[in-house]
Amino acid sequence: MKRLAFIILTLTLALGIATVASATHNTVKIRNDPTLGKYLSDNDGMPLYWFTKDSPGVSACGGSCLEKWPIYYRDKIVPPEGVPTEDFTTIVREDGLKQTSFRGYPLYYFFKDEEAGDLKGQAAREAWYIIDPDNFPLK
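Mapping to our numbering: the sequence shown position 122 is 122, numbers consecutive.
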């Protein structure tokens, strides 16, 4: 009986930890760079980018582009404080993959960003930019 209670307790704790990990995995944060200002990142601090050739609900990055600019996708988003949940939606790309978007624009990572706070993709080819949620989309 004690062994069964121990197994149940262990499983309950494991499920609770998995639920917390899953919730934080879906969290989007606002970070601050001393030069560039505020920007969106994933829970681990990796910046999220948008592509100026995209349009709301449509990604223009496919094929080899995705090798350098992997898509960001989470089933459900926990938004940063002050940003409405409905600002984050899911699009279905032409290739059938799902991608998270912010105010309609698809979100990406940059393959050269290796750790939290790296912003190596900022202004790449004058087409890739981090997102300041207070000033996006640009007018």
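Just so it is clear, CB atoms sit at the ideal spot from N, CA and C, and this is done for glycine as well.
Since the structure is predicted, the reported quantities are computational estimates derived from the model, not experimental observations.
Could you tell me if residue i is buried or exposed, where buried requires 16 or more neighbouring beta carbons within 10 angstroms of its beta carbon?
i	result
Leu-119	buried
Asp-33	exposed
Arg-125	exposed
With distance defined between alpha-carbon atoms, name the residue in the options nearest to residue i.
i	options	result
Lys-46	Val-83, Asn-26 and Asp-54	In the sequence as presented, Lys is not what sits at residue 46; that position holds Met. Selected option, being the one with the closest Cα: Asn-26.
Val-58	Pro-34, Pro-80, Ile-30 and Asp-95	Asp-95
Gly-63	Ala-123, Leu-97, Gly-121 and Ile-130	Leu-97
Gln-99	Thr-85, Ala-116, Lys-76 and Val-83	Lys-76
Cys-61	Leu-36, Gly-82, Val-83 and Tyr-109	Tyr-109
Ala-127	Asp-44, Gly-82 and Asp-54	Asp-54
Mind checking whether residue i and residue j have CB atoms under 8 Å apart?
i	j	result
Phe-102	Asp-87	yes
Val-28	Pro-80	yes
Phe-111	Pro-137	no
Pro-56	Gly-104	yes
Per DSSP, residue i is paired with what?
i	result
Phe-51	Trp-128
- Quick check: the segment 91–98 against the segment 34–54, are there 3 or more CB pairs under 8 Å? no
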